[in-house]
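Okay, structure first, notes after.
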Amino acid sequence: MTKPSVSDMESMVESARVLVCCGSGGVGKTTTAAAIAVEAARLGRRVVVITIDPAKRLADALGMSGLLGNDPVRLDLPADHRGELWAVMLDAKDTFDGLVRREARTERQVDEILANPFYVNIASRLSGSQEYMAAEKLFELHGDDRFDLVVVDTPPSREALDFLEAPKKLTNFLDHRVYRWLVAPARGGLKIVNFAAQPILRTIGRVIGADVLADAVDFFRAFEGIEDGFRERARQVDRLLRSDATRYVVVASPRSDTVEEALYFTDQLGRAGVVTSGLVVNRLQPMFGRGSSKSATANARRAENDSDATLALLHGNLARLRAIGEAEETSIKPLLDRLSDVPIARVAQRADDVHDLVAVADIGAAIFGR
Ligand SMILES: Nc1ncnc2c1ncn2[C@@H]1O[C@H](COP(=O)(O)OP(=O)(O)OP(=O)(O)O)[C@@H](O)[C@H]1O
Ligand SMILES: [Mg+2]
8 MTKPSVSDME SMVESARVLV CCGSGGVGKT TTAAAIAVEA ARLGRRVVVI TIDPAKRLAD
68 ALGMSGLLGN DPVRLDLPAD HRGELWAVML DAKDTFDGLV RREARTERQV DEILANPFYV
128 NIASRLSGSQ EYMAAEKLFE LHGDDRFDLV VVDTPPSREA LDFLEAPKKL TNFLDHRVYR
188 WLVAPARGGL KIVNFAAQPI LRTIGRVIGA DVLADAVDFF RAFEGIEDGF RERARQVDRL
248 LRSDATRYVV VASPRSDTVE EALYFTDQLG RAGVVTSGLV VNRLQPMFGR GSSKSATANA
308 RRAENDSDAT LALLHGNLAR LRAIGEAEET SIKPLLDRLS DVPIARVAQR ADDVHDLVAV
368 ADIGAAIFGR
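Be aware that the sequence shown starts at 8, since it is given in the working numbering, and climbs by one per residue.
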């Protein structure tokens with residue numbers, strides 16, 4: 008099978024409406040998301056990049072420390088970039104609040120929910136709420152006329168499904184027996200107060216605290232009537248995550264453990280019915296010259312025999328560096344084989360961390376094969 012040319016990465020990105028950068032911890036998801044966004048803006052697209060990066064590395068890399076928030080901020084780009092670049096630093100709680108505001112029927116309902124301690128707790132700590140709010144945010148920005156491409160950086164995770172299945176998790180929560188049991192009688196006209204009279208709730212109250220239980224019951228009561236809106240929204244988000252408009256790019260580095268993780272990730276995406284559309288192998292050791300480590304070692308021996316100690320040392324170093332590169336090639340091979348029918352980009356390890364727009368653009372150029 009012939010390898011796709013690097014420009015395939017460009018056409019893949021050009022036809023995407025949403026692009027999700029995923030992979031395990033520290034491989035370069037945030038950097039890749041920023042680099043692809045900058046490149047797409049160079050090509051004339053109006054791009055918004057969302058990061059969920061708790062270390063705020065994207066903001067740093069874009070020279071926007073402290074300036075990014077939950078609303079898109081437009082970034083300055085060099086004059087030859089025909090499009091626009093906007094960036095968002097995801098605030099899960101703020102996004103959840105926005106969702107409540109949109110779905111609630113009255114101002115009073117908004118106030119009741121947002122002020123409820125149980126809500127405040129689940130909005131920031133509900134497992135998967137970060138992933139869901141990232142998906143929610145991408146859905147929101149996908150529908151925003153200002154942008155024609157949304158690039159999404161994801162939280163570090165071994166589980167591709169954490170992100171993909173987040174909307175379903177919310178729906179499952181709303182369909183959960185306990186939730187239904189707490190809410191349903193209220194719909195039948197029964198006063199929530201009656202719950203307190205139920206022995207099981209008295210027991211729960213003793214375990215988790217009567218206040219917490221009261222907050223939870225209040226929350227479910229306040230939530231009543233808007234959960235259909237939430238459920239429908241989650242369904243739409245789920246549809247977008249699985250649609251053709253959304254592309255998944257797996258990012259990996261050439262260490263055998265991260266390659267294993269990337270393979271696992273790709274399998275998980277496949278099992279969820281989602282195609283991996285591109286692979287970025289980041290932080291590769293540059294290959295110095297054309298030869299192998301063996302040929303450099305032979306040259307070192309020859310120089311030694313000629314009593315040229317300096318040249319022997321240089322060839323010896325070259326042999327060691329090439330040996331690292333060769334070991335990396337061996338470890339990424341299973342991944343290259345598995346994803347041989349999608350565009351693959353190689354990005355070299357840089358001497359320094361990526362902390363400015365020039366470095367981000369350099370990585371973008373490598374990804375797009377410029
Ligand atoms: N090709 C590279 N050369 C040198 N440094 C790099 C390269 N790619 C990424 N880095 C640096 O590695 C660190 C991790 O990169 P990045 O934050 O993009 O990874 P991540 O996958 O988003 O991490 P996390 O899983 O923690 O969110 C950053 O400090 C970044 O500047
Ligand atoms: Mg990151």
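A virtual CB, placed ideally from N, CA and C, is assigned to each residue, including glycine.
- As for any alpha helix (DSSP H) of minimum length 4 sitting wholly inside the stretch 48 to 80, the runs are 64 to 68, ordered along the chain.
- Around R254, the same chain offers A23, L26 and S284 as residues with beta carbons nearer than 6 Å, after the five sequence neighbours per side are excluded.
- Taken atom to atom, the span from the alpha-carbon of L168 to that of N128 is near 24 Å.
- CA-to-CA, the gap between V282 and A310 works out to about 52 Å.
- Secondary structure note for T265: its alpha helix (DSSP H) is the uninterrupted segment S263 to R278.
- DSSP, read as helix, strand or coil, puts L84 in coil.
- DSSP places L320 inside the alpha helix (DSSP H), whose first and last residues are A316 to R345.
- Going by DSSP, L92 is part of the beta strand (DSSP E) stretching over E91 to M96.
- Contact check for F154 against V55 passes: the beta carbons are separated by less than 8 Å.
- If you draw a straight line from the Cα of V287 to the Cα of D152, it comes to about 29 Å.
- Contact between A279 and L342 does not hold, since the beta-carbon distance rounds to 19 Å and is not under 8 Å.
- Beta-bridge annotation (DSSP): G285 is paired with V256.
- As computed with DSSP, I351 is found in a beta bridge with L286.
- Assignment of D160 by DSSP, reduced to helix, strand and coil, places it in the strand class.
- Apart from sequence neighbours up to five positions away, the residues of its chain that approach Q292 with a beta-carbon distance below 8 Å are P261, L328, I331, G332, E335, A355 and Q356, ordered along the chain.
- A residue is called buried once 16 or more other Cβ atoms fall within 10 Å of its Cβ, and R64 is buried on that count.
- In the structure shown, V367 adopts helical secondary structure according to DSSP, grouped into three states.
- Going by DSSP, V27 is part of the beta strand (DSSP E) stretching over V25 to C29.
- Within its own chain, the residues whose Cβ lies closer than 6 Å to the Cβ of D98, once the five positions on either side in sequence are excluded, are N77, listed in chain order.
- DSSP links L291 through a beta bridge to A355.
- If you draw a straight line from the Cα of A305 to the Cα of A316, it comes to about 14 Å.
- K175 sits away from D274, with the two beta carbons spaced by 8 Å or more.
- With contacts defined as CB atoms closer than 8 Å, F226 and F375 fail to qualify as a contacting pair.
- Per DSSP, H149 is one residue of the alpha helix (DSSP H) stretching across S136 to H149.
- Not a single heavy atom of ligand 1 lies less than 7 Å from the C-beta of Q292.
- A residue is called buried once 16 or more other Cβ atoms fall within 10 Å of its Cβ, and A94 is buried on that count.
- Distance from the CA atom of S302 to the CA atom of S136, rounded to whole angstroms, is 54 Å.
- With a cutoff of 7 Å, I331 does not count as near ligand 1, since its C-beta is closer than that to no heavy atom of the ligand.
- The continuous stretches of alpha helix (DSSP H) do not include F375, and DSSP gives it neither H nor E.
- With a threshold of 16 other beta carbon atoms within 10 Å, G30 meets it and is buried.
- Three or more beta-carbon pairs separated by less than 8 Å are not found between the stretch 72 to 89 and the stretch 106 to 121, which leaves the two stretches without contact.
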